[in-house]
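Protein chains in written order, with this note's numbering: chain A, 766 to 1138; chain B, 766 to 1138; chain C, 766 to 1138.
Note that the Cβ used here is the ideal one computed from N, Cα and C, for glycine as well.
These notes are about the structure you will find just below.
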Amino acid sequence: MQSELYLLNCWYGLAWSTELDDGALLARKVLGNSLVVFRDKEGRPAALRDRCSHRMAPLSMGKLKDGVVECAYHGMQYDGSGRCVHYPFGPVPARAVVEHYAVVERDKMIWIWPGNPELADSSLIPDYHFHNNDDAEDDWVVFGYTNVKADYRLEIDNLMDLSHAEYLHATSFGGRGFITNHGRYQVRDLGNEIHSNWWMPAIDLVHPGTRQPIGVQADHFLDMRWNAPSNMRLQVGFLPQGVHADREDAPRDDLPGQFSAHIITPEDEGSCHYFWSADRPKGSVGFVGGMDKEMGRKIFKVAFEIEDKPMLEAVAANMHKGFWEEKPLILPNDVGGIRARRRLAKLIREEQEPAGAEAVSSEALIQMTPSIS
Amino acid sequence: MQSELYLLNCWYGLAWSTELDDGALLARKVLGNSLVVFRDKEGRPAALRDRCSHRMAPLSMGKLKDGVVECAYHGMQYDGSGRCVHYPFGPVPARAVVEHYAVVERDKMIWIWPGNPELADSSLIPDYHFHNNDDAEDDWVVFGYTNVKADYRLEIDNLMDLSHAEYLHATSFGGRGFITNHGRYQVRDLGNEIHSNWWMPAIDLVHPGTRQPIGVQADHFLDMRWNAPSNMRLQVGFLPQGVHADREDAPRDDLPGQFSAHIITPEDEGSCHYFWSADRPKGSVGFVGGMDKEMGRKIFKVAFEIEDKPMLEAVAANMHKGFWEEKPLILPNDVGGIRARRRLAKLIREEQEPAGAEAVSSEALIQMTPSIS
Amino acid sequence: MQSELYLLNCWYGLAWSTELDDGALLARKVLGNSLVVFRDKEGRPAALRDRCSHRMAPLSMGKLKDGVVECAYHGMQYDGSGRCVHYPFGPVPARAVVEHYAVVERDKMIWIWPGNPELADSSLIPDYHFHNNDDAEDDWVVFGYTNVKADYRLEIDNLMDLSHAEYLHATSFGGRGFITNHGRYQVRDLGNEIHSNWWMPAIDLVHPGTRQPIGVQADHFLDMRWNAPSNMRLQVGFLPQGVHADREDAPRDDLPGQFSAHIITPEDEGSCHYFWSADRPKGSVGFVGGMDKEMGRKIFKVAFEIEDKPMLEAVAANMHKGFWEEKPLILPNDVGGIRARRRLAKLIREEQEPAGAEAVSSEALIQMTPSIS
């Protein structure tokens, strides 16, 4: 794959593991390339260019037979490496080969490395081990997928500034004034990993149904982790008030909370795949932990499909130039998102101009309020 | 706003006054620009660019709160001048301003001046005072809106040659042979105002239901007034036969008739807004005046949406070059429309090349049958 | 008409004769040109540019009155030669003429010659005389039409390699292994006519319902005839086993069989008209001939609309460059289709560069398995 828009030597989410169950031949476009994804004879994930070498038929229109893809047009069969293993009307033609991609299965996700396969190091995949707790006692995980007709970086921006929950998610997650009235914004910059966090001490917990205070205070936090290019994880915590006050400026992912994945993969210029998940909320404060799996699935689906998606698509439709050319107003809460955006741009530049041409980008000239991290 | 397609320093219809009732945040694109239209605290109309200064969210997705627009994304609020008056997560940022436009409310219409606001002179708005008679005793006015996927000048052309009523409107307004058999075409050219009229003496009135003659003759006229760029008014009259014969070549708008507005505003290249209205037919000849308000609304809607709109959109889809490059056949009845088209082109040229470069346009070379005005 | 994509001095199918019954004004785009097709006063087919000379209205929106087309906009009337014969509001304008095309009716099809009408020689139309047997005793013909959003040459390729019937048509015509297990592929190249045939000796006939062998053997053949640019005819035969063994390498269209037309006409770049027909299967082997007319219509419709069309449209959507630039794998069964493709490209080149510039095309360099014809 080649592109001036995307980082190539890195891991992107390609499909949830469950999408390949039941012998599926999954058609999915990533970074502008149409792929067919399936499990081979040994159950390992495979991704091929979705195009038969003979007559350009999409292989995803065919059948998966014992881990081999059979083209629906003239019956040519390919294994997981893209090699033709059967041609019904004569010997297997030597040139009948379809391009294949490096893929790895980890934490319930099929990951793809679109760049040089020799550089594909699976230890670089960010940690989402909570995904493996779906079958654990007293826990559950929901997995979801939403297609968004917007540049993938708008989805990253959205998630890196969760203050929008007070307005856009007023009927699902937010609108309770926790961020507005108590929020302290924090950015922790670790290079290709950036944390964009809110610490909200001494909030008054409210009843999830009536939204009335229940007479209990808590220290609340929203910790968003971004790993380049576009793999994110959120931890939502409610702590007994004052008990962990020393953690205001320290990592908190050893504390109980609800983890959720937000894995964004460019589909094409102007659209992206949004893979999201969430486990059972944990903690011993007020009602936390009382949400059941179906309620969890529903509230996330509402938030991401009914609230975020139309807004991101409207923003994308409202942009007629590049992000910086549109001259957005950069506010203090945008620091995490802006840093991620610039880091990603720098990585793409370095990948495409490896000789280290360090020209100052126009981005460096945009005025930005400094972070409080 | 800047454009090579449109006259900017002039008034266009933006919305009917009633479209802003009930606290509406109206999204409307004019001349290629997306706007949000609403009433401010004092009830005055306001038009802003439909894009929050922060993250490009369409403001029309938000809420109108006491005459102030609140963005649905992060809660930023703007007043009718486009100034940010509230930001929930910190002080109001100085650069948080949204572009606003000069608008005026007159005769039940919100008018917009897309050019230099210092030149916006509301005395230049053409007269549609009959719109104010909707509540008057023995009168009514219907207001309608139709979106047409065609260049706005095709809609002007259509209205400036009403001979099409005999064919395209055979099942609504026309098809009775009044123009075909009795019509005398007249053009009165007053510069940026052009009248394209039909005088039809001694027609046999027909029953509106049976379409059979009722034994009464009348002098009938259709007087269409165009004001640059695209604001039109039609008067339809039925006079007792012979009584006003001296008015064949004179203005007739002091005589009784039915007035209707035809206000055309470019939405974008290739589409336009068609705001139409009509009051109760007046006069003492035959059945004239017997039409009730709901029948009036229905017949106009049929004529403009079911008859005109598909034809204009089909013509637009049939054009692969500019109007003149398509080499249309110019006939005597086209004189009014062609004059309006040329006048408008001249005004746009003059606005864009104010140094008065008087190059002869290729339009001047098109052969045209002279008018009988 | 002018185009770099199409051969112009040749016959294309424009409409089935039955499409002009009942006074139809048929709108059809061919080779990128919008036409209106109708029968004139004498019942002869006529094809005009679908655009009134006055205001560019599609004439197909109008009415056919005694073999004359009346424009729906202002009532201008045109005869089959494109000459204006009536204008309701004045004398017929001399310049009111619409472009007309050379058309001929033959074998239930209206044929169009888009190039120089002086070269239009109706003796060049390929033979489809079986179409005239629809009313014959013990015979029937079904006529169908399918619009395909794919380059017309992909439809030709599809028909010239019927091995796809074993996979793509497994639930309609094929999937019985006749080609896979018994097929001998033959190409007969007659210049601008190419035959792409399968001879399948000693197949075991199966019951059409149960698909189980019935204990009868037959010699089966599929003979596809292509005439430049894109007019094809298929003969499907089942012969008593061994009786006509001498015909394996000889023409067979004097033998009984089912004939079907496959007439492909470019609509526009990226879409085509597929006119198909079929008569009653003939022969005395097993169940052959038992298919009734409605079953014939149904099975063809399924095969061409439900099976072929989605595949061809998916292939077209999967192509981002020209056919040869996509580097398809050319296999032995593709010989007929590749020869037709090259012949057609050569004819287009010769038509457009008549001085005989015989530059070697890049096509000539593509490696191709030789035919066994």
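Contacts of residue i in chain C (Cβ-Cβ under 9 Å)
i                 : result
Ser1049 (chain A) : The contacting residues do not exist; Ser1049 (chain A) stays about 55 Å from chain C at best.
Cβ of residue i within 8 Å of any chain B Cβ
i                 : result
Pro1093 (chain A) : yes
Met989 (chain A)  : no
Closer than 8 Å to chain C by CB, residue i
i                 : result
Thr945 (chain B)  : yes
Pro1097 (chain B) : yes
Pro879 (chain A)  : no
Leu772 (chain B)  : no
Contacts of residue i in chain B (Cβ-Cβ under 7 Å)
i                 : result
Ala1079 (chain A) : Ala822, Pro823, Met826
Contact set between residue i and chain B, taken where Cβ atoms lie within less than 9 Å
i                 : result
His1027 (chain A) : Chain B residues near His1027 (chain A): none, gap ~18 Å exceeds 9 Å.
Interface partners of residue i on chain A, CB under 7 Å
i                : result
Leu933 (chain C) : Ala837, Tyr838
His929 (chain C) : Tyr838, His839
Alpha-carbon spacing of residue i relative to residue j, whole angstroms
i                 : j                 : result
Leu800 (chain C)  : Ala780 (chain C)  : 11 Å
Ile877 (chain A)  : Tyr866 (chain A)  : 7 Å
Tyr917 (chain C)  : Ala993 (chain C)  : 12 Å
Pro858 (chain A)  : Ala812 (chain A)  : 21 Å
Ala915 (chain C)  : Gly939 (chain C)  : 23 Å
His1038 (chain B) : Arg1012 (chain A) : 59 Å
Ala983 (chain B)  : Gln842 (chain B)  : 60 Å
Pro1139 (chain B) : Asp1099 (chain B) : Residue 1139 (chain B) lies beyond the residue range present for chain B, which begins at 766 and ends at 1138; the question has no answer from this structure.
Pro973 (chain A)  : Asn912 (chain A)  : 29 Å
Ala1141 (chain A) : Gly880 (chain B)  : With chain A covering only 766 through 1138, there is no way to say anything about residue 1141 (chain A).
Ser937 (chain C)  : Met1056 (chain C) : 13 Å
Phe1040 (chain A) : Gly797 (chain B)  : 35 Å
Cys836 (chain A)  : Pro1075 (chain C) : 14 Å
Asp787 (chain B)  : Asp900 (chain B)  : 19 Å
Cys849 (chain A)  : Ala861 (chain A)  : 6 Å
Thr945 (chain C)  : Ser782 (chain A)  : 37 Å
Met1060 (chain C) : Ile1071 (chain C) : 16 Å
His960 (chain C)  : Ser995 (chain C)  : 13 Å
Glu1142 (chain B) : Arg1045 (chain B) : An answer regarding residue 1142 (chain B) cannot be provided, because it is not within the stretch 766 to 1138 covered by chain B.
Glu1123 (chain A) : Ser1042 (chain A) : Any reading at Glu1123 (chain A) needs caution, since the residue's pLDDT is 49, under 50, leaving its predicted position unreliable; the model's value is listed next. Cα to Cα, Glu1123 (chain A) sits roughly 38 Å from Ser1042 (chain A).
Asp988 (chain A)  : Gly1007 (chain A) : 18 Å
Val833 (chain C)  : Leu933 (chain B)  : 18 Å
Contact set between residue i and chain A, taken where Cβ atoms lie within less than 8 Å
i                 : result
Asn1083 (chain C) : Ser799, Asp815, Arg816, Met821, Ala822, Pro823
Where residue i meets chain B, residues with beta-carbon distance less than 8 Å
i                : result
Ala861 (chain C) : Leu1094
Residue i: contacting residues in chain C (beta-carbon distance under 8 Å)
i                 : result
Met1076 (chain B) : Ala822, Met826, Ala837, Tyr838
Residue i Cβ short of 7 Å to the ligand MG heavy atom set
i                : result
Leu919 (chain B) : Summarising the ligand content, the structure contains no ligands, and the ligand MG is consequently not present.
Report task. Check distances from the C-beta atoms of the stretch 966–982 of chain B to those of chain A and list, in chain order, the residues that come in under 7 Å. Result -> none
Query raised in the report: Where in the stretch 915–943 of chain A do unbroken runs of the beta strand (DSSP E), each at least 3 residues long, occur, reported from the N-terminal end onward?
Result: none
Report task. Identify each residue in the stretch 843–858 of chain C for which the Cβ-Cβ distance to at least one residue of chain B is less than 7 Å, and report them in chain order. Result -> Pro853, Phe854, Gly855, Pro858
Report task. Tell me the start and end of each unbroken beta strand (DSSP E) in the stretch 973–1005 of chain B that is at least 3 residues and wholly inside, in chain order. Result -> 978–992, 996–1005
Query - 4-residue-minimum alpha helix (DSSP H) runs that sit fully inside the stretch 860–926 of chain A, ordered along the chain - result: 917–925
Requested in this report: Jot down the residue ranges of each uninterrupted beta strand (DSSP E) in the stretch 1000–1055 of chain B, minimum 3 residues, whole runs only, in chain order.
Outcome: 1023–1033, 1036–1044
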